[in-house]
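To start, the structure itself, in structure tokens.
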Amino acid sequence: MPRFPRIHLDDAVYSIQMEGPSGESIYKDAEDYGKYTNLLSQAQKEFGFKIFSYALLPDRIHLLIEPREEHPVSQIMQKITPNYTKYYNSKYGRKGHLFPKRFRSVYAERSVYLPKLTRFIHLLPEQAGVADYSA
């Protein structure tokens, strides 16, 4: 059965989630986190989307972004995901998809959910036990 195309709404904010393979970390060291944030930053400069919050957890990614109408969420993720996968596979001698499932994107109503989602995403590392408060 074919997948339905993603719906793109102008001036919309999207909560995006991607999970790595079951039981496998998608970030093994600080360099991996740095590479992903670098790719996210490069995509932001290229496509001009707003980032409200993000959390890079050992086994998943959460982003809260507002894409520009000429660059939908799919185009942004197609820029980031394959590049990170190539980096990760090359570094760890691995083959195949790092993210076995399609990313999820959910429209977030700005007035009601934006502050709540931003807070939720910012608290995810603490809830997952990976927050570092030593700095």
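Add 1 to the 1-based position in the sequence shown for our numbering, that's all there is to it.
Glycine included, each C-beta is placed from N, C-alpha and C at the ideal position.
Since we're looking at a predicted model, the values are computed, not measured.
(message) Is it the case that the stretch 62-76 contacts the stretch 113-123, given that we only count it when at least three CB pairs across the two stretches are under 8 angstroms?
(response) At 8 angstroms Cβ cutoff, the stretches touch.
(message) Just to check my reading of the structure: residue 187 and residue 72 have Cβ atoms closer than 8 angstroms, yes? What is that Cβ distance to the nearest angstrom?
(response) Any answer about residue 187 is impossible in this case: the structure gives the chain only from 2 up to 136.
(request) Leaving aside the five residues before and after residue 78 along the sequence, list all residues of the same chain whose C-beta is less than 6 angstroms from its C-beta, in chain order. (result) Reading the sequence shown from its first residue, position 77 is the one you call residue 78. In its chain, beyond the 5 residues on either side, 104 have a beta carbon closer than 6 angstroms to the beta carbon of residue 78.
(request) Could you say which of 83, 76, 58 and 125 lies nearest to residue 26 if we only look at CA atoms? (result) Within the sequence shown, the letter at position 25 stands for residue 26. For the options 83, 76, 58 and 125, the alpha carbon positioned closest to that of residue 26 is the one of 58.
(request) With distances taken Cα to Cα, identify the nearest neighbour of residue 61 among 39, 90 and 101. (result) Position 60 of the sequence shown, counted from the start, is the residue given in the question as residue 61. Nearest of 39, 90 and 101 to residue 61, Cα basis: 101.
(request) Would you kindly check if the distance between the Cβ of residue 99 and the Cβ of residue 14 is under 8 angstroms? (result) Working through the sequence shown from its first residue, we reach residue 14 at position 13. Working through the sequence shown from its first residue, we reach residue 99 at position 98. No, they are not a contact pair.
(message) Quick check on residue 1: does DSSP put it in helix, strand or coil?
(response) What the structure shows of the chain is the stretch from 2 to 136, and residue 1 is not part of that stretch, so it cannot be assessed.
(request) Express the C-alpha separation of residue 21 and residue 88 in angstroms, rounding to a whole number. (result) As a position in the sequence shown, residue 88 is number 87, starting the count at 1. As a position in the sequence shown, residue 21 is number 20, starting the count at 1. Whole-angstrom Cα-Cα distance: 15 angstroms.
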